[in-house]
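Participant:
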Amino acid sequence: MENLNYMQSETCPICKSLHFQIRYNLDKGQLSTCQKCKTVLFFPRPTLEELAEYYRQPIYRSAYTSSVMAEQEFSKARYSQLCDVLKKYVPSILSKSDKSLLDIGCGNGDLIKVAAKKGWKSFGTELYDENSIGNSQNRDNSDIKIYTGELLSLNLPANSFDLITIYHVIEHLISPIETLSEIYRLLKPSGVALIETPNIGGIGSIVKGKQWSHIIPPEHITYFNPSALRFAVLKAQFPKTEVFTISPQVIDSASNLVEPFQSILKGIYAIAPRFNLGATLQALAFKSSS
């Protein structure tokens, strides 16, 4: 039964509560909302070993490299939107001559390649080297380096980066707070992090319910709305954050529609962020409160 309040044997990885409400029953589990922090979680939670096996599958890696997110033009648009956010909240970062960027879950490295051309010392992390830039390409540009492995195991030096980006990674994580806390450690004292994830409180999720395209466990297992993401960022030591929603660059469902319905749907998605109902959720997390 959906919308049933109950106690879960596993605690919420964000706030440690045991109190949940079932949101959706799925074929192989359920999505439940934490009654304290409002994070939506897939149960049963997979183990690290199960996730590692899932992400090693060639079909998963090939699906990413053939997706729109792996295209250069997509990364250029993403970088442009990132700069718009920085100009609004922390313009001083863009004017630094030695600014550094770490992109967590950088895939093929397209975003950091774009950033390097704009003057950033660009670094990335990726779980497996099959998804990352080859070593020969790394040597071609000293401003680009990709670390292979899970962020928490890399032991990167503290206070190293002006900006850390983590695009569509946090929804994959078993324990997001650990990763957010590591991001805090890695940022320079005046650094900021940009976190992006699907908005389970957005227009797409509201309209589509359990058919929402981002409900794909075990790939996506942790979901946030604006208040839940704010809670998580502050829980991970950040003293200040700005949380907002945006319209996605690509609206999958619009491609199946004919005009004028396609334009109408795109218009709805474009307006939704004004009401914090945008399909994509972003948080800018500040290491310093000043």
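With the numbering used here applied, the sequence shown corresponds to residues -3 to 286, in that order.
We put the beta carbon where it would ideally sit given N, CA and C, even for glycine.
Here the structure is a predicted model, which means the values were calculated and not measured.
Please determine, among 14, 25, 4, the residue with the shortest C-alpha to C-alpha distance to residue 211.
Facilitator: Residue 25 is the option with its Cα nearest to residue 211.
Participant: Mark residue 132 as exposed unless 16 or more other C-beta atoms lie within 10 angstroms of its C-beta, in which case mark it buried.
Facilitator: Interpretation of residue 132 is limited by its pLDDT of 33, a score under 50 that renders its predicted location unreliable; no figure is taken from the coordinates.
Participant: Tell me whether the beta-carbon of residue 89 lies closer than 8 angstroms to the beta-carbon of residue 23.
Facilitator: For residue 89 and residue 23, no; Cβs fall outside 8 angstroms.
Participant: Would you decide whether residue 52 is buried or exposed? Buried here means 16 or more other CB atoms lie within 10 Å of its CB.
Facilitator: Exposed, because fewer than 16 other Cβ atoms sit within 10 Å of the Cβ of residue 52.
Participant: Just tell me which of 116, 273, 106, 220 has its CA closest to the CA of residue 94.
Facilitator: Residue 116 is the option with its Cα nearest to residue 94.
Participant: For residue 195, count neighbouring Cβ atoms within 10 angstroms of its own Cβ and tell me buried if that reaches 16, exposed if not.
Facilitator: Residue 195 is buried by the Cβ-count criterion.
Participant: So for residue 189, helix, strand or coil by DSSP?
Facilitator: Reduced to three states, the DSSP call for residue 189 is strand.
Participant: Please say whether residue 169 and residue 161 have beta carbons closer to each other than 8 angstroms?
Facilitator: Result no, Cβ atoms of residue 161 and residue 169 do not sit closer than 8 angstroms.
Participant: Rounded to whole angstroms, what is the Cα-Cα separation between residue 1 and residue 199?
Facilitator: Taking the straight line from one Cα to the other gives about 24 angstroms.
Participant: Going along the chain, which residues of its own chain have a beta-carbon closer than 8 angstroms to the beta-carbon of residue 108, five neighbours each way excluded?
Facilitator: Correct list, in chain order: 97, 99, 102, 116, 118, 119, 120, 140, 142.
Participant: With DSSP as the reference, please indicate the residues paired to residue 17 in a beta bridge.
Facilitator: According to DSSP, residue 17 bridges with 1, 29.
Participant: Which residues in the same chain as residue 272 place their Cβ atom closer than 6 angstroms to its Cβ, once the five residues preceding and following it in sequence are excluded?
Facilitator: Hits under 6 angstroms: 222, 241.
Participant: Restricting to Cα atoms, I'd like to know which of 166, 203, 281, 173 is closest to residue 216.
Facilitator: If we check each option's Cα against that of residue 216, 166 comes out closest.
Participant: DSSP state of residue 85, grouped into three classes?
Facilitator: If DSSP states are grouped into helix, strand and coil, residue 85 belongs with the helices.
Participant: Please return the same chain residues whose Cβ sits closer than 8 angstroms to the Cβ of residue 214, not counting the five positions on each side in sequence.
Facilitator: Here the set comprises 38, 42, 46, 47, 50.
Participant: Going by CA-CA distance only, name the one from 282, 244, 281, 17 that's closest to residue 269.
Facilitator: Of the listed residues, the one whose Cα sits closest to residue 269 is 244.
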